[in-house]
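S.K.: The structure follows.
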Amino acid sequence: MSTRRFDVLLDDKKIGWTFLENADAPMGVVTGRIYFIDIDSGYGFLKAYCEEHCIEIITENPDQQLIATSAMAPLSVVSPEGIEIKGQSVNIEGMDQDYFEIFILGIPYPFFEQQFGHHVNKYRGE
Numbered sequence: 023m024s025t026r027r028f029d030v031l032l033d034d035k036k037i038g039w040t041f042l043e044n045a046d047a048p049m050g051v052v053t054g055r056i057y058f059i060d061i062d063s064g065y066g067f068l069k070a071y072c073e074e075h076c077i078e079i080i081t082e083n084p085d086q087q088l089i090a091t092s093a094m095a096p097l098s099v100v101s102p103e104g105i106e107i108k109g110q111s112v113n114i115e116g117m118d119q120d121y122f123e124i125f126i127l128g129i130p131y132p133f134f135e136q137q138f139g140h141h142v143n144k145y146r147g148e
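Rendered as structure tokens:
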């Protein structure tokens, strides 16, 4: 796993961080567990934000406090070097009783390989 810690921002405010520890290198996809900062309920926070900003909720189960958002344009992920990791879509899913994960889909090459060479090497078996 990479030890690079990426900031997760919503409306340019840091809401947490992630290692972006998982990837589908050929597809330009990275994912990682989110460690929220000062947010007691990821479910409550995301539900309220999505409702207030008209962001579609793809899946929701209030009893399990489970939620999956559609693409969230105001959501961004920034590397330790201050570089925004841009893809075609960024979204979050998870549940309070387990954890939340951020997904960045469609990160273009060669940028993907520059930022996530360890994921590319793992895919290639190196």
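Heads up, the sequence shown is in our numbering, so the first residue is 23 and it goes up one at a time. Don't be surprised by glycine CBs; every beta carbon is placed ideally from N, CA and C.
Just to confirm, is the Cβ distance from residue 102 to residue 55 under 7 Å?
M.R.: On the sequence shown, position 80 is the one that residue 102 refers to. On the sequence shown, position 33 is the one that residue 55 refers to. Not a contact, by the Cβ cut-off of 7 Å.
S.K.: When we look at the beta-carbon of residue 104 and count the other beta-carbons within 10 Å, is it buried (16 or more) or exposed?
M.R.: What you label residue 104 is simply residue 82 of the sequence shown in a count that begins at 1. Exposed, because fewer than 16 other Cβ atoms sit within 10 Å of the Cβ of residue 104.
S.K.: In terms of residues, what are the limits of the beta strand (DSSP E) holding residue 26?
M.R.: As a working mapping, residue 26 is identified with position 4 in the sequence shown. Membership of residue 26 in any beta strand (DSSP E) is not indicated, and neither H nor E is assigned to it by DSSP.
S.K.: Going by DSSP, which residues form a beta bridge with residue 65?
M.R.: Position 43 of the sequence shown holds residue 65. Answer is none; residue 65 lacks a bridge partner.
S.K.: Is it a yes or a no for the stretch 77-96 touching the stretch 108-126, going by three-plus beta-carbon pairs under 8 Å?
M.R.: yes
S.K.: Rounded to a whole number of angstroms, what is the C-alpha to C-alpha distance between residue 79 and residue 70?
M.R.: Position 57 of the sequence shown holds residue 79. Position 48 of the sequence shown holds residue 70. Near 11 Å, if we compare the C-alpha coordinates of residue 70 and residue 79.
S.K.: What residue ranges within the stretch 30-80 form continuous alpha helix (DSSP H) runs of no fewer than 4 residues, ordered along the chain?
M.R.: Within the stretch 30-80, the complete alpha helix (DSSP H) runs of at least 4 residues are 64-74.
S.K.: Taking the alpha carbon of residue 121 as the point to measure from, which residue in 131, 34, 61 and 107 has its own alpha carbon closest?
M.R.: Taking the sequence shown and counting its residues from 1, the one referred to as residue 121 is at position 99. Here the closest residue by C-alpha is 61.
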